[in-house]
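These notes are about the structure you will find just below.
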Amino acid sequence: MPAGGESRAKHLIAVAQSVAQEDVDLLFDSKNIWHRPDDTSVKYAFGPTPEDFSSQSRFSFCVLPSQVGRDWLGSLIRLNCEAFVECFPELDLGDLAPVAGKKPLPKHDLMVCLSTRSAYHLPVARKFVTSLRHRGLIGDSIASSVEMAVQEAFANSLIHGNLELDTGGHLSMDRFKELGEETERRLASAHYGARAMVLTARRRKNGHIVITINDQGNGFIPPDEKATANIDRKDTTFGRGLPLIRSLCQSVNFLRGGRTIELTFDDGQTEKATQDAAFLTDLERRLATSPKAELRLPQNATILIADDTMLSREIIASYLRADGFTNLVFAKDGEDAIAQIKEHNPDLIILDIIMPKLDGYAVCKAVRADPAYAKTPIIAQTALEENEGRTRIFDDGATDLILKPLNKAELIARTKIHLENRLLVQRLQAYQERTQSELEIARNMQENLNPAPEHYRGVGMDYGMRISATFQMSSELGGDMWGLVPIDDHRLGVYIVDFAGHGLGAALNTFRLHSLIWSEQLHEQAPDVYLQVLNRHLKGLLPVGQYATMLYGIVDRQKNVFSYASAACTSPVLGNSVTGEARYLDGSGVPLGVVRDAQYETREVPFDKDSFLLLYSDALIETTLDHGQFLCEQGLLTMLQDTVLEGGADIDLAAQIADQFMDRAPAQLDDDFTIVSLQSAMIPAATASNR
Amino acid sequence: MNYKTEFADGITTVEVTGRFTFGDHSSFRKLIEEVRGHESSTLVLNIAGVDFIDSAGLGMLLLARDEGEKTNTTVTLRGAQGQVRRMLEVARFDTLFRLED
Numbered sequence: 001m002p003a004g005g006e007s008r009a010k011h012l013i014a015v016a017q018s019v020a021q022e023d024v025d026l027l028f029d030s031k032n033i034w035h036r037p038d039d040t041s042v043k044y045a046f047g048p049t050p051e052d053f054s055s056q057s058r059f060s061f062c063v064l065p066s067q068v069g070r071d072w073l074g075s076l077i078r079l080n081c082e083a084f085v086e087c088f089p090e091l092d093l094g095d096l097a098p099v100a101g102k103k104p105l106p107k108h109d110l111m112v113c114l115s116t117r118s119a120y121h122l123p124v125a126r127k128f129v130t131s132l133r134h135r136g137l138i139g140d141s142i143a144s145s146v147e148m149a150v151q152e153a154f155a156n157s158l159i160h161g162n163l164e165l166d167t168g169g170h171l172s173m174d175r176f177k178e179l180g181e182e183t184e185r186r187l188a189s190a191h192y193g194a195r196a197m198v199l200t201a202r203r204r205k206n207g208h209i210v211i212t213i214n215d216q217g218n219g220f221i222p223p224d225e226k227a228t229a230n231i232d233r234k235d236t237t238f239g240r241g242l243p244l245i246r247s248l249c250q251s252v253n254f255l256r257g258g259r260t261i262e263l264t265f266d267d268g269q270t271e272k273a274t275q276d277a278a279f280l281t282d283l284e285r286r287l288a289t290s291p292k293a294e295l296r297l298p299q300n301a302t303i304l305i306a307d308d309t310m311l312s313r314e315i316i317a318s319y320l321r322a323d324g325f326t327n328l329v330f331a332k333d334g335e336d337a338i339a340q341i342k343e344h345n346p347d348l349i350i351l352d353i354i355m356p357k358l359d360g361y362a363v364c365k366a367v368r369a370d371p372a373y374a375k376t377p378i379i380a381q382t383a384l385e386e387n388e389g390r391t392r393i394f395d396d397g398a399t400d401l402i403l404k405p406l407n408k409a410e411l412i413a414r415t416k417i418h419l420e421n422r423l424l425v426q427r428l429q430a431y432q433e434r435t436q437s438e439l440e441i442a443r444n445m446q447e448n449l450n451p452a453p454e455h456y457r458g459v460g461m462d463y464g465m466r467i468s469a470t471f472q473m474s475s476e477l478g479g480d481m482w483g484l485v486p487i488d489d490h491r492l493g494v495y496i497v498d499f500a501g502h503g504l505g506a507a508l509n510t511f512r513l514h515s516l517i518w519s520e521q522l523h524e525q526a527p528d529v530y531l532q533v534l535n536r537h538l539k540g541l542l543p544v545g546q547y548a549t550m551l552y553g554i555v556d557r558q559k560n561v562f563s564y565a566s567a568a569c570t571s572p573v574l575g576n577s578v579t580g581e582a583r584y585l586d587g588s589g590v591p592l593g594v595v596r597d598a599q600y601e602t603r604e605v606p607f608d609k610d611s612f613l614l615l616y617s618d619a620l621i622e623t624t625l626d627h628g629q630f631l632c633e634q635g636l637l638t639m640l641q642d643t644v645l646e647g648g649a650d651i652d653l654a655a656q657i658a659d660q661f662m663d664r665a666p667a668q669l670d671d672d673f674t675i676v677s678l679q680s681a682m683i684p685a686a687t688a689s690n691r
Numbered sequence: 001m002n003y004k005t006e007f008a009d010g011i012t013t014v015e016v017t018g019r020f021t022f023g024d025h026s027s028f029r030k031l032i033e034e035v036r037g038h039e040s041s042t043l044v045l046n047i048a049g050v051d052f053i054d055s056a057g058l059g060m061l062l063l064a065r066d067e068g069e070k071t072n073t074t075v076t077l078r079g080a081q082g083q084v085r086r087m088l089e090v091a092r093f094d095t096l097f098r099l100e101d
């Protein structure tokens with residue numbers, strides 16, 4: 001069993017590169033994180049952005065930079081990690097410490113700790129809920145209700161709790177202005193602004209999800225529960241949230257003297273998520289035990305004989321041995337039976353019902369409760385002839401029943417049937433597992449066709465651009481791919497490809513095209529010529545009916561132009577980083593692989609020091625979002641403009657658009673999702689890590 | 001939250017986009033001050049592009065309404081969708097504002 005012995009393992013911590021090593025050391029030496037910091041050993045992995053951390057690594061904590069921005073808030077859905085802590089000098093969690101829980105195991109399924117001053121400006125509730133969706137902790141269907149409740153509770157804890165603002169009374173414009181100014185003052189003060197906000201989520205065994213929001217203020221006394229959600233217009237701006245929260249959750253509790261609000265949600269779908277999780281654990285366990293569960297001949301099977309009388313055990317053993325079954329294991333009571341099952345993982349259990357300590361019914365139940373043995377055949381043997389006992393043992397999970405005194409031929413026949421069934425099932429499982437792991441390898445290979453973050457960032461800097469990208473594969477293999485092709489010191493080529501469909505076929509095609517792209521040294525040709533050549537090659541390789549959309553373009557930093565050709569690619573967006581204004585470019589053209597002599601057109605647009613360019617796959621505009629519609633053309637432009645105006649030239653544009661998209665898209669995408677941005681920037685960006 | 005204002009024929013139209021929540025205090029104050037200068041008879045808040053609103057955001061809409069009453073300006077909320085529409089319904093804003101699709 002792989003469990004146990006984990007507690008002494010090193011904790012891998014993901015750290016934002018802008019955080020100084022000594023500040024991280026201080027954080028992990030303090031009692032804020034662990035109960036006994038001295039007993040814990042840590043290893044840090046630094047990264048400039050959340051995209052830089054491998055999805056293969058599992059992190060115990062993620063340390064966010066002080067004054068967290070939207071980029072690092074995005075780590076909540078990007079990192080394989082359950083605990084996120086902002087590293088700021090005044091952090092003192094007091095009675096909320098240690099956030100890792102008393103034991104060295106994670107106490108929560110998700111925990112986020114932010115300073116009040118960071119939290120105020122961020123869409124924390126939204127990102128928290130998106131993260132819960134992506135982790136399968138809540139279903140898409142209740143996400144909207146959860147978000148509304150968390151938003152209200154969070155605002156209350158932040159405004160009334162940590163900032164201690166009194167928003168009571170009638171809200172006039174003057175009062176509103178005054179409140180706004182006081183809010184800014186308190187956010188800037190070390191006393192209020194540096195208090196922590198801690199959000200946690202935990203899934204109970206019954207499938208309920210429990211979310212807590214914790215502040216460090218003076219506590220809050222909840223008003224009358226009977227208040228309705230109707231808003232009295234004479235009331236204040238804030239603090240009407242509670243009735244709304246109550247209408248959205250199953251229950252609301254106040255703990256820590258009103259400094260913690262605990263929301264419980266019941267979600268029909270969480271049951272499914274729980275089952276999925278159980279299935280995964282089961283699979284993991286089976287994979288772990290698979291060397292032992294190698295395919296065997298029935299005669300090589302391990303058989304457990306559980307019976308409290310030695311004579312019975314010997315009789316059964318002698319029958320089985322006579323027929324060639326020699327791998328026999330014995331148990332003399334119910335408890336012993338369970339111990340032997342755990343030790344030997346038998347292929348068949350012959351179980352007596354009436355035994356000391358634990359009877360056969362209880363053994364059956366216990367065995368079936370453990371997913372690792374859910375399918376192990378159990379033949380119950382009993383002298384009971386009454387129907388009640390027979391029905392009961394089947395209810396408790398026995399596969400078959402055999403009556404005492406035993407008939408040798410019957411025992412052997414039943415043993416063989418159940419073992420053969422088991423071997424068939426195992427073979428099938430082994431096959432599925434192998435396919436699964438091969439698919440996993442193919443997925444990794446496909447992900448590696450795309451440039452890694454440090455690569456595209458570095459290349460971008462060489463050309464005075466900030467390049468950002470997000471790639472998310474659909475549940476299966478997909479057909480998306482993008483890449484950068486440096487041509488000379490002022491020209492950079494870029495391509496984005498989407499093969500029709502997804503799954504193995506589309507994935508194989510991306511491999512084909514990738515090798516074509518990198519074997520043909522034609523990148524400096526005009527984009528239309530380039531696509532024509534590529535199309536001719538691809539037409540020869542692709543089976544009829546398979547095709548790809550593609551855009552190939554060249555950013556020329558000397559001539560300040562972007563010239564491109566498109567084979568039915570989604571319309572690229574060209575925008576201005578200063579004004580935020582953006583427009584769609586023409587993406588029309590024949591898809592690759594359809595006709596042999598397709599002609600393409602090179603189009604040229606200005607691309608200067610304020611320009612940005614956005615390329616994306618159709619998943620961005622063809623996924624049904626939370627409002628039941630696709631992201632419309634105008635919607636994307638508005639999102640870009642808002643993002644650029646809020647963040648300026650100093651943001652990872654594609655990553656931020658992806659984050660906003662993920663907030664509103666289903667947790668499982670039907671198609672690959674690729675988004676790439678090239679944004680002119682004042683390089684070097686060495687000081688540009690925050691905000 | 002972001003906004004764009006347009007003024008024509010005594011009608012001010014404000015297109016509001018993004019999330020409209022407690023943190024939008026200062027941008028909303030700017031919006032109100034900007035609109036006040038127009039002295040228009042009707043203020044249309046086009047909130048079709050707002051994808052999330054919380055109770056603080058609702059409070060700010062009420063504030064816009066109060067301001068409107070002082071200057072005899074009718075405030076209309078236009079195009080609420082999804083969660084925003086749901087919030088307006090829960091808060092019975094149909095009794096307080098003119099709502100348009």
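Which chain is which? The protein sequence lines are A and B, in order. Going by the working numbering, the first residue of the first sequence is number 1, and it counts up by one from there. Going by the working numbering, the first residue of the second sequence is number 1, and it counts up by one from there. Here a beta-carbon is modelled for each residue, glycine too, at the ideal position from N, C-alpha and C.
Rounded to the nearest whole angstrom, the C-alpha separation of Met662(A) and Gln216(A) is 31 Å.
Between Val63(A) and Ala16(A), the CB-CB gap stays under 9 Å. Cα atoms of Glu343(A) and Arg36(A): separation of roughly 35 Å, rounded to the nearest angstrom. By the Cβ rule, the stretch 125-135 of chain A does not count as touching the stretch 650-658 of chain A, because fewer than three pairs are nearer than 8 Å. Shortest Cα-Cα distance from Ala409(A) to any of Tyr431(A), Ile315(A) and Gln432(A) involves Ile315(A).
With fewer than 16 neighbouring CB atoms inside 10 Å of its own CB, Lys4(B) falls in the exposed class. Within the stretch 536-605 of chain A, the runs of beta strand (DSSP E) that reach at least 3 residues and sit entirely inside it are, in chain order, 548-556, 561-567, 573-576 and 582-584.
For the stretch 130-155 of chain A, the beta-carbon criterion of a distance under 8 Å to any beta-carbon of chain B is satisfied by Ser144, Glu147, Met148, Gln151, Glu152 and Ala155.
Using a Cβ distance threshold of 9 Å, Leu631(A) and Phe562(A) do not count as a contacting pair. Looking only at Glu646(A), Ala196(A), Gly360(A) and Thr302(A), the smallest Cα-Cα distance to Phe154(A) is reached by Ala196(A). Residue pairing from DSSP leaves His418(A) without any beta-bridge partner.
When Thr116(A), Asp71(A), Arg135(A) and Phe607(A) are compared, the shortest CA-CA separation from Ala190(A) is found for Thr116(A). No Cβ of chain B is located within less than 9 Å of the beta carbon of Tyr584(A).
The beta carbon of Arg36(B) sits closer than 8 Å to the beta carbons of Glu67 and Thr71 from its chain, once the five residues preceding and following it are set aside; these are given in chain order.
If you draw a straight line from the Cα of Leu63(B) to the Cα of Gly79(B), it is about 19 Å long.
For the C-beta of Gly79(B), not a single chain A residue is nearer than 9 Å; the gap to the nearest is close to 12 Å. Counted as a single uninterrupted DSSP element, the beta strand (DSSP E) harbouring Asp498(A) occupies residues Arg491 to Phe499.
For Pro486(A), there is no enclosing alpha helix (DSSP H); the residue is part of the beta strand (DSSP E) that begins and ends at Asp480 to Pro486. In the structure shown, Asp215(A) adopts coil according to DSSP, grouped into three states.
In this chain, Ala64(B) is not harboured by any beta strand (DSSP E); it is covered by the alpha helix (DSSP H) spanning Ser55 to Lys70. Residue state for Arg390(A) is assigned as helix, using DSSP reduced to three classes. Cβ contact annotation for Asn218(A) (same chain, cutoff 7 Å, sequence separation greater than five): Glu164, in chain order. Apart from the 5 residues on each side of it in sequence, Thr470(A) sits with its Cβ closer than 6 Å to the Cβ of Ala654, Ala655, Ala658 and Ile675 in its chain, given in chain order.
In this structure, the alpha-carbon of Gly334(A) lies about 11 Å from that of Ile305(A). Straight-line measurement puts the Cα of Leu403(A) at about 50 Å from the Cα of Thr264(A). Across the structure, Glu433(A) and Arg443(A) are spaced so that their CA atoms are roughly 15 Å apart.
Scanning its chain for C-beta atoms nearer than 6 Å, with the 5 sequence neighbours on each side dropped, one finds around Tyr495(A) the residues Gly483 and Tyr552, in chain order. C-alpha of Met355(A) to C-alpha of Asn421(A): approximately 28 Å in a straight line. Between Val75(B) and chain A, the shortest Cβ-Cβ separation is not below 9 Å. When the five nearest sequence neighbours on each side are left out, the beta carbons in the same chain lying within less than 6 Å of the beta carbon of Gln472(A) are those of Phe673, in order along the chain. Taking 7 Å as the cut-off between beta carbons, the residues of the stretch 13-25 of chain B near chain A are Thr17, Gly18, Arg19, Thr21, Phe22, Gly23 and His25, in sequence order. DSSP lists Val16(B) as the bridge partner or partners of Tyr3(B). Assignment of beta-bridge partners to His11(A) by DSSP yields Val42(A). Using a Cβ-Cβ cut-off of 9 Å, Phe176(A) counts as an interface residue toward chain B, since at least one Cβ of chain B sits closer than that to its own. Residue contact check for Leu43(B) against chain A: no CB pair falls below 9 Å.
Residue environment: Ile441(A) is assigned as exposed (fewer than 16 neighbouring CB atoms within 10 Å of its CB, all protein chains considered).
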